[in-house]
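In what follows, a single structure is set out as structure tokens and then discussed.
Number of protein chains: 2
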Amino acid sequence: MLFLIGLGLGDVKDVTVKGLEAIKNAKRVYLEAYTSILTVGKDALEQYYGREIILADRDLVEQGSDEIFEGARTEDIAFLVVGDPFGATTHTDLVLRAKQEGIEYKVIHNASIMNAIGCCGLQLYNYGETISIVFWTDTWKPDSYYDKIASNRSRGLHTLCLLDIKMKEQSVENLIKGRKIFEPPRFLTVPQAASQLLEIPDRRKERGDDYTAYTEDTICIGVARVGSDTQRIVSGTLRELTSVDLGDPLHSLVIAGHMHPVELEMLKQFAVTPSIFDALLAESR
Amino acid sequence: MLFLIGLGLGDVKDVTVKGLEAIKNAKRVYLEAYTSILTVGKDALEQYYGREIILADRDLVEQGSDEIFEGARTEDIAFLVVGDPFGATTHTDLVLRAKQEGIEYKVIHNASIMNAIGCCGLQLYNYGETISIVFWTDTWKPDSYYDKIASNRSRGLHTLCLLDIKMKEQSVENLIKGRKIFEPPRFLTVPQAASQLLEIPDRRKERGDDYTAYTEDTICIGVARVGSDTQRIVSGTLRELTSVDLGDPLHSLVIAGHMHPVELEMLKQFAVTPSIFDALLAESR
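Read top to bottom, the protein sequences are chains A and B. According to full-length UniProt numbering, the first sequence is numbered sequentially starting from 1. According to full-length UniProt numbering, the second sequence is numbered sequentially starting from 1.
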């Protein structure tokens, strides 16, 4: 049996009791290590579980599943995923390959940013499509998600923005020379993402777009290390979020749509400038 | 400190290690008992935690928070919620009232249907706005969510439909006479919701709507008791789902939007009629 086990978002103790039991009973334990991270590393997990952990990078998961699946018809293999196991397409793909090999699987769910983002105070059923914001380079500045934000906001919906993670990047030189040397991990931060977002409306206007999805005054929320003891939540205008320091990864960003009074009250708790939310609350009543 | 603790979706062992520790250390333990249910009841939780549990119905949570908050400035109170604590507005409201009383709070996240629905194979970032489908009566058949489904599907997005729960309903007679006698709990099932959905396009056409959000051939997915050992997932046309029996509650329904091949492959595993998905896969390639 292949167990796909969500670890939640914070630290070692965010695993469920069911998940912990499955980890302790498994023949081998893999940790998917390229779509997300906890606030603690492999060593802390190994110590807490009392089990050796094999790090599974993209190559192993996408091309080395024979190794992961070895013996899984008769023994239990644990595949750990930060958040919930179905947060990324790559895990659905792993399940499909397991099924093809005649291996049964079981999922042990956990919190992921897709539902834990509720902590910022905006109601989950008021969110539209989730988007991903990637690191811009000097020559590559994709902004197709701008249309999705516009579509969400035109319906009054909030937009959760997942921020880019680069876990095992190669420099162009190392890539060309085929050297398996990797750059240190990089994580897009809330101020970086906010700065990129702030550039898009003008770029789009120059290209002839006749609508504006948001402005520098649009209310946004930055969150960091959700579920951990060092969790941070900050609400303010998009402009304000370009200069907040939320510390270590992971960060996520929300672009608010229409806000109900209860949502505004909650956001006010995390405000850079509370008076902005007092004004919005006065308007909404 | 007020601890809001998500219990996840299945049974007693879906609580996180962090959540379980907080429950064991709390002075009093409340279980919110009107927005969702686990596959096990209060007795099983009490036995597993080794703690007495106080059931918190809507009246207690919305009007009796003084009782819940008693002593919370100096002692720890645990407030348990099925799924994740921020699944319903009522919990955000509770947090705001705690803050007003000068009580600190901490959230221990867990899986909820909002992210665990990933188990059906449709990718979470391809979902649009979530809707709620309520029980229809002979005289009250609300269908405003039809426009939201249409809006999601016009953008190729999937729609998660949360199905109605009636936990402490009073009959009209008992309500009028002020008798606190409650009907047995009722849970909208997948076939009931599918039957209601199937009626709406014709009703809307009669009222002059010029668009169709879906037809009886639209692919839908029914799920039941997600995360438990008796979990069921069934995929098929909306028509097919009007006659599947998924057993005990809770049920949820998904109306698919545009489906990628990996999504179709996954849905095929749960199909009433696999050949329908073979045909869709052939088209998509």
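Note that the Cβ used here is the ideal one computed from N, Cα and C, for glycine as well. All figures in this text were calculated on a predicted structure; none of them were measured in a lab.
Using only the alpha-carbon positions, how far apart do residue i and residue j sit?
i: A:Ser275; j: B:Leu241; result: 50 Å
i: A:Leu96; j: A:Gly10; result: 28 Å
i: residue 298 of chain B; j: A:Val262; result: The requested residue 298 of chain B is not part of the displayed model; chain B covers only 1 to 285.
i: B:Gly83; j: B:Val172; result: 31 Å
i: B:Met266; j: B:Gln47; result: 37 Å
i: residue 287 of chain A; j: A:Arg204; result: With chain A covering 1 to 285 only, the question about residue 287 of chain A has no answer from this structure.
i: A:Glu216; j: B:Leu250; result: 43 Å
i: A:Thr92; j: B:Asp66; result: 46 Å
i: A:Thr139; j: B:Arg207; result: 52 Å
i: A:Phe79; j: A:Leu2; result: 7 Å
i: B:Arg155; j: B:Glu21; result: 44 Å
i: B:Gly64; j: B:Asp57; result: 10 Å
i: B:Ile103; j: B:Ile54; result: 20 Å
i: B:Ile181; j: B:Ile77; result: 30 Å
i: B:Gly236; j: A:Arg285; result: 45 Å
i: B:Asn174; j: B:Thr137; result: 18 Å
i: A:Phe69; j: A:Ala98; result: 7 Å
i: A:Leu45; j: A:Leu162; result: 25 Å
i: A:Thr212; j: A:Thr130; result: 19 Å
Compute the distance between the beta-carbons of residue i and residue j, then report whether it is under 9 Å.
i: A:Leu31; j: A:Val12; result: no
i: A:Tyr214; j: A:Ile117; result: no
i: B:Leu122; j: B:Met259; result: yes
i: B:Ile108; j: A:Asp59; result: no
i: residue 301 of chain A; j: A:Leu160; result: The displayed coordinates of chain A run from 1 to 285. Any statement about residue 301 of chain A would go beyond what the structure contains.
i: residue 287 of chain A; j: A:Ala224; result: What the structure shows of chain A is the stretch from 1 to 285, and residue 287 of chain A is not part of that stretch, so it cannot be assessed.
i: A:Gln192; j: A:Arg179; result: no
i: residue 309 of chain B; j: B:Ser36; result: In the structure displayed, chain B extends from 1 to 285; residue 309 of chain B sits before or after that span and is not available.
i: A:Asn115; j: B:Met167; result: no
i: A:Glu101; j: A:Lys27; result: no
i: A:Ala16; j: B:Gly8; result: With the sequence shown as reference, residue 16 of chain A is identified as Thr, and Ala is not the correct amino acid for it. Yes, they are a contact pair.
i: A:Asn152; j: A:Tyr125; result: no
i: B:Phe277; j: B:Cys120; result: no
i: B:Ala111; j: B:Gly19; result: no
i: A:Ala194; j: A:Leu238; result: yes
i: B:Tyr105; j: B:Leu4; result: yes
i: A:Glu52; j: A:Val29; result: yes
i: B:Leu264; j: B:Leu280; result: yes
i: A:Val61; j: A:Leu94; result: yes
i: B:Ile200; j: B:Ala256; result: no
i: A:Phe135; j: A:Arg186; result: yes
i: B:Asp210; j: B:Thr230; result: no
In the DSSP assignment, what residue or residues form a beta bridge with residue i?
i: A:Ala56; result: A:Glu32
i: B:Lys166; result: B:Arg186
i: A:Val254; result: A:Leu160 and A:Ile221
i: B:Ala193; result: Looking at the DSSP assignment, B:Ala193 forms no beta bridge with any residue, so it has no partner.
i: A:Tyr214; result: Answer is none; A:Tyr214 lacks a bridge partner.
i: B:Ala271; result: B:Ser235
i: B:Tyr125; result: According to DSSP, B:Tyr125 bridges with nothing at all.
For the alpha helix (DSSP H) that contains residue i, what are its first and last residues?
i: A:Arg232; result: No alpha helix (DSSP H) holds A:Arg232; the beta strand (DSSP E) holding it covers Arg232 to Thr237.
i: B:Ala279; result: Pro274 to Ser284
i: B:Tyr49; result: Lys42 to Tyr49
i: A:His91; result: Thr89 to Gln100
i: A:Tyr146; result: Tyr145 to Ser154
i: B:Lys268; result: Pro261 to Lys268
i: B:Ile37; result: No alpha helix (DSSP H) contains B:Ile37, which DSSP labels as neither H nor E.
i: B:Cys175; result: It should be noted that the sequence gives Leu, not Cys, for residue 175 of chain B. That run of the alpha helix (DSSP H) goes Val172 to Ile176.
i: B:Phe86; result: B:Phe86 -> no alpha helix (DSSP H), and no H or E assigned at all.
i: residue 291 of chain B; result: In this structure chain B extends from 1 to 285, so residue 291 of chain B is not present and cannot be described.
Along the beta strand (DSSP E) that carries residue i, what are the first and last residues, could you check?
i: B:Thr159; result: Thr159 to Leu163
i: B:Phe3; result: Leu2 to Gly6
i: A:Tyr105; result: Tyr105 to Ile108
i: B:Val244; result: Neither: B:Val244 is in no beta strand (DSSP E) and is coded neither H nor E.
i: A:Ala116; result: Premise fails: A:Ala116 lies in the alpha helix (DSSP H), Ile113 to Ala116, not in any beta strand (DSSP E).
i: A:Val17; result: Element bounds for A:Val17: not the beta strand (DSSP E) but the alpha helix (DSSP H), Val17 to Asn25.
i: A:Ile131; result: Ile131 to Ile133
i: B:Ile77; result: Ile77 to Val81
Cβ of residue i versus every heavy atom of the ligand HEM: is any distance shorter than 8 Å?
i: A:Gln100; result: Although the ligand HEM was asked about, the structure shown includes no ligands whatsoever.
The region 13-25 of chain B: positions lying closer than 9 Å to chain A by Cβ: Hits within the stretch, in order: Lys13, Asp14, Val15, Thr16, Val17, Lys18, Gly19, Leu20 and Glu21.
Residues from the region 138-168 of chain A in contact with chain B, defined by Cβ distance under 7 Å: If the cut-off is 7 Å between Cβ atoms, the region 138-168 of chain A has Ser151, Arg155 and Leu157 near chain B.
Selection of the region 24-50 of chain A by Cβ proximity to chain B, strictly under 8 Å: Within the region 24-50 of chain A, no residue qualifies.
Chain A contacts made by the region 116-127 of chain B, where a contact means CB separation under 8 Å: Cβ contacts with chain A: Ala116, Gly118, Cys119, Gly121, Gln123, Leu124, Tyr125, Asn126 and Tyr127.
Residues from the region 227-251 of chain A in contact with chain B, defined by Cβ distance under 8 Å: Within the region 227-251 of chain A, the qualifying residues are Gly227.
Contact list for the region 250-270 of chain B against chain A, Cβ threshold 9 Å: Answer set for the region 250-270 of chain B: His260, Val262, Glu263, Glu265, Met266 and Gln269.
Contact residues within the region 184-206 of chain B, judged by C-beta distance below 9 Å to chain A: For chain A, none of the residues of the region 184-206 of chain B brings a beta carbon within less than 9 Å of one of its beta carbons.
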